[in-house]
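Working notes for the structure below.
2 protein chains.
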Amino acid sequence: MARVVVDVMLKPEILDPQGQAVQRALPRLGFEGVSDVRQGKRFELEVDGPVDDAALARIHELAESFLANTVIEDFTVKVEEEMVEAGK
Amino acid sequence: MARVVVDVMLKPEILDPQGQAVQRALPRLGFEGVSDVRQGKRFELEVDGPVDDAALARIHELAESFLANTVIEDFTVKVEEEMVEAGK
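Chains as they are written, first to last, in our numbering: chain A, 21 to 108; chain B, 21 to 108.
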């Protein structure tokens, strides 16, 4: 079993009103020096079995077709931890 | 300038209906072997100046007080890339 993380962010050229709202609120809250904020989604998937190249390719396909809207969003897939102990 | 990433996820004991909806949809879409999905938020902050311990402490405070609802959410702060070239 392994945890695979898919991060989905709006492409740099796409306006991100949520991120902008956060960024503009920061000085008011006393936090200076943050010039940009982008807000996106993080998916943590618990995948059964070992995450080999075939499994990773499937997850990539899943992210591309289902978790991200690739017209406006970029995504990254990474294996965060491989749990090899018995019973996990 | 540096990019700092704040990941905000619901605590493990908190029900995550969005993640569940994704997880339940997967077999229907032909993706088997994903036993759990959690959906959270990812914030990418462009921070001016070097990210030293003081800056990191401030960002931690920001995440705790503003980006995450610590009653139901956990967060992690990590410096993703430090841009040291002139002009950045």
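Built from N, CA and C at the ideal position, the CB exists for glycine as well.
Because the structure is a prediction, the values reported are computed rather than measured.
By the neighbour-count definition (other C-beta atoms within 10 Å, threshold 16), Ala88 (chain B) is a buried residue. As computed with DSSP, Ala74 (chain A) is found in no beta bridge at all. Under the Cβ distance rule, Leu35 (chain A) does not count among the residues neighbouring chain B, no pair being separated by less than 7 angstroms. Between Asp68 (chain A) and Ser55 (chain B) the beta-carbon gap is near 6 angstroms, inside 8 angstroms, which marks them as a contact. Residue pairing from DSSP leaves Thr90 (chain B) without any beta-bridge partner. If you check each beta-carbon in the region 55-73 of chain A against every beta-carbon of chain B, the ones closer than 8 angstroms belong to Ser55, Asp56, Val57, Arg58, Gln59, Gly60, Lys61, Arg62, Phe63, Glu64, Leu65, Glu66, Val67, Asp68 and Gly69. Below the 9 angstroms Cβ cutoff, chain B contributes Val42, Ala45, Leu46, Leu49 and Phe51 as neighbours of Phe86 (chain A), in chain order.
At least 7 angstroms separates the beta-carbon of Val71 (chain B) from that of Val26 (chain B). When B:Val24, B:Gln59, B:Glu100 and B:Phe63 are compared, the shortest CA-CA separation from Asp36 (chain B) is found for B:Gln59.
Chain-ordered listing is empty here: chain B has no CB closer than 8 angstroms to the CB of Leu30 (chain A), the nearest sitting near 10 angstroms. Across the set B:Val57, B:Gln43 and B:Leu65, the C-alpha of B:Val57 shows the shortest separation from the C-alpha of Lys31 (chain B). If you draw a 10 Å sphere on the C-beta of Gly39 (chain B), you find 16 or more other C-beta atoms in it, and that means buried. No residue range can be given for Ala83 (chain B), since it is assigned to no beta strand (DSSP E) and is classified by DSSP as neither H nor E.
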